[in-house]
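Read top to bottom, the protein sequences are chains X and R.
Sequence positions in the first sequence follow the numbering used here and run 386 to 675.
Sequence positions in the second sequence follow the numbering used here and run 27 to 321.
Virtual Cβ for every residue (Gly too), placed ideally from N, Cα, C.
None of these values were measured; they are calculated from a predicted model.
Note sheet for the following structure.
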Amino acid sequence: MFLDLAQNTLDGLARGSAYALLALGFTLVFGVLRRVNLSYGPAIMLGCYLATWASMAIHANLILLLAVSVAGTVLAGAYVERLCFAPHRKGSAIAAMVASFALWMQLEELAVLALPRHLYAFPALYEGSPLQFLGLTLRVESGVMIVVAAGVCVALRRTLYHSKFGLAVRAAVENPVAASLAGISLPGVFVRVFAVASALGGLAGFLISATHEQVTPMLGMWSTLKGLLAMMLGGLGSLPGAVIGGLALGLVEAHSQWFFGPQLRDLIAYLLLFLLLAMRPRWMTTQSAS
Amino acid sequence: MDDYAIGVLTNVGLFSFVALSAYVLLLAGEMSFGQQAFFGVGAYAGGILTAMYGVPLPLAALAAMALGALAALLVGLPTLRLKGLYFAMATLAAAEMARILFELLHFQRELEGETVGPDGTQGFRGIRWIFENGIEPGGFLGLVWGLLFGIVVIFLLVERSRLGMTLRSVGDDPELAASLGVDVDRFKLGVAGAAGALAALGGVLFAHHNTYIEPRNFDIMLGVHSLAYALIGGLGTALGPLLGVALDIGVLEGSRIFGGTRMIVFGGLVAVLLVFRPRGLLDEKVVHWLRTRFS
């Protein structure tokens, strides 16, 4: 029993690391642009579909597939940014979000037209047997996911607090008027933040696909929903919050799946979010969201 | 009209209910991702009443609307004070919970040697009231659009009344509305309840039109679509959401020109449209202009 709990916790951390990566991308965009990008998941899906195609057509190796996933996601992200976020920068947040939903439809349809089957194999990240220790099992892919997520956190933190770009981002968030008076180009900051978030999404999508060893047309919606859920659980708009939210979602899902099965797992995750929002603990409402 | 045209027009009507339901909440300043849940509640409740217990459709529709309103109040009570994205996510969570509950709902009974009733993910077949009562597709189309016409007339009357002013003022500036003596919380709760009943009515008709419903019909896609319909059509008049649905289902799907690429065309069209008209085609300015022109 104790061993099961420990195993579930470990699985939950691996699952949660993937969610944390997705939530980080969402949070970067929301924290800086104050906009929700519903197309985030579908852009990731397009990147991964492109990589799947590359793996089938030219048998590309994993490094190349990673590059294709990231490049495809960034390209799709750039398209979304130009059409949904640049024009609505000063305008309505709802219009920007609905526009990003419209492009969700587009990107998803595009991916499905290119690869119409319900399931495609994706090359495995690692072919060997899982790690065993203290009676616990950890898939190497899951270990990689956890390490990469931790690495991304450290790198993001360093970029935000120890680089000129990071300073510009923080200035743009803290006081956009003062930042642009000081010579920081706000549109430029937004575009680069969007690119960073998309690249993160591509990385997350690649790791998720290579862990599951498959891609399906559900990948887009799945990524958007899990990323949004994790971001909201973490309190919206802070990067440590996104990581905590992602890990918390992973842990809750892993444990409730073991106790109650997959359908109730999702029910419990949504119930948790609903109750948290309804009770509004202070850490969830420090950021204004309009 | 051939059967295909009747089918398309009926669908435009059916989805207009849930688009109107998202629209009225948008006017009150709340963006809901969850109106599909009440559409689903209406569909299941209406289907259960007519197919399993032989209740006549009008009575079943009234009961389903009451249930839809009740469900909307239950969701709205703890969440309507949330703002923006918080409210959107809370309604999304509620709607996804509803969808999973539909998946878990196994409630069947034997009826004349046949098992009828919701069977989890297998869906709910045999909601045949309109066929058993000899209503032709054309007649059903008339019923749907007749109801919709009545609702739009009510909307248009309300929007020109004090109630409509209150609705828009609550949406534009809740603090100002409160300072003028509007009980904003109660008002929004009322709006949410009405929106729930409206979506549920659409759901009942949807279930009886299709004769078969399954939990997937009521997923997040329907919710975001209805929000998009309201926004494309325009936030200036209740005819806006109808225009939004008509553009997507009527023109793009109905014309069958684009086949498998319909979503690509529709998605691009909407995104470009919103750049130029962020409050939709029939926004407040256009409606005002039309009104001064023609009255």
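| Asked | Found |
| --- | --- |
| CA-to-CA distance, residue 213 of chain R to residue 525 of chain X, given in whole angstroms | 55 Å |
| Among R/67, R/230 and R/55, nearest to residue 82 of chain R - alpha-carbon criterion | R/230 |
| Inter-residue spacing [alpha-carbon to alpha-carbon] between residue 66 of chain R and residue 591 of chain X | 35 Å |
| Pair within 8 Å by beta-carbon distance, residue 406 of chain X and residue 534 of chain X | yes |
| Chain X contacts made by the segment 40 to 56 of chain R, where a contact means CB separation under 7 Å | none |
| When R/306, R/237, R/210 and R/261 are compared against residue 185 of chain R, the one with the closest alpha-carbon | R/261 |
| Length-filtered (4 minimum) alpha helix (DSSP H) runs lying within the segment 483 to 520 of chain X | none |
| Burial state of residue 84 of chain R, where buried means 16 or more other Cβ atoms lie within 10 Å | exposed |
| Per-residue contacts from residue 263 of chain R into chain X (C-beta, under 8 Å) | Going along chain X, no residue has its Cβ under 8 Å from residue 263 of chain R, so there is no contact; the nearest lies around 18 Å. |
| Chain-order list of residues whose beta-carbon lies under 7 Å from that of residue 320 of chain R (same chain, five-residue window excluded) | none |
| Limits of the beta strand (DSSP E) - the one that residue 137 of chain R falls within | 135 to 137 |
| Short CB-CB distance (under 8 Å) between residue 296 of chain R and chain X | yes |
| For residue 7 of chain R, three-class secondary structure by DSSP | There is simply no residue 7 of chain R to check, as chain R begins at 27 and stops at 321 in what is shown. |
| 8 Å Cβ cutoff, residue 647 of chain X in contact with chain R | no |
| Nearest-angstrom Cβ-Cβ length linking residue 166 of chain R and residue 70 of chain R, presumed shorter than 8 Å | So it is not a contact: roughly 19 Å between Cβ atoms. |
| Residue 43 of chain R in three-state terms, based on DSSP | helix |
| Residues within the segment 461 to 478 of chain X neighbouring chain R, beta-carbon criterion of under 8 Å | 468, 469, 472, 473, 476, 477 and 478 |
| Which residues DSSP lists as bridging residue 140 of chain R, in chain order | R/137 |
| Near-chain X residues of the segment 80 to 103 of chain R (beta-carbon distance less than 8 Å), N- to C-terminal order | none |
| Helix, strand or coil at residue 675 of chain X according to DSSP, with G and I counted as helix | Unreliable positioning characterises residue 675 of chain X in this predicted model, as indicated by a pLDDT of 36, which lies under 50. The coordinate reading is nonetheless provided below. Coil, per DSSP. |
| Contacting residues, own chain, Cβ-Cβ under 7 Å from residue 437 of chain X (five flanking each side not counted) | 500, 505, 507 and 600 |
| Per-residue DSSP class, three states only, for residue 11 of chain R | There is simply no residue 11 of chain R to check, as chain R begins at 27 and stops at 321 in what is shown. |
| Alpha-carbon to alpha-carbon, residue 536 of chain X and residue 75 of chain R | 56 Å |
| Nearest neighbour of residue 478 of chain X, chosen from R/245, R/52, R/138 and R/99 [CA to CA] | R/52 |
| Nearest-angstrom Cβ-Cβ length linking residue 414 of chain X and residue 576 of chain X, presumed shorter than 8 Å | About 11 Å; that fails the 8 Å criterion. |
| Residue burial classification, residue 611 of chain X (beta-carbon count within 10 angstroms, cutoff 16) | buried |
| DSSP-derived helix/strand/coil call for residue 600 of chain X | strand |
| Expected contact under 8 Å - CB spacing of residue 68 of chain R and residue 225 of chain R to nearest Å | 7 Å |
| Burial state of residue 181 of chain R (16 or more Cβ within 10 Å) | buried |
| Beta-ladder partner(s) of residue 523 of chain X, from DSSP | X/516 |
| For residue 150 of chain R, the three-state DSSP class (helix, strand or coil) | strand |
| Neighbourhood of residue 204 of chain R by C-beta, 8 Å cutoff - its chain only, sequence neighbours within 5 removed | 210 |
| Pairwise C-alpha distance: residue 126 of chain R and residue 134 of chain R | 18 Å |
| Bridge partners - residue 239 of chain R, DSSP secondary structure assignment | R/150 |
| Per-residue burial, residue 638 of chain X [other beta carbons within 10 Å of its own, 16 or more giving buried] | buried |
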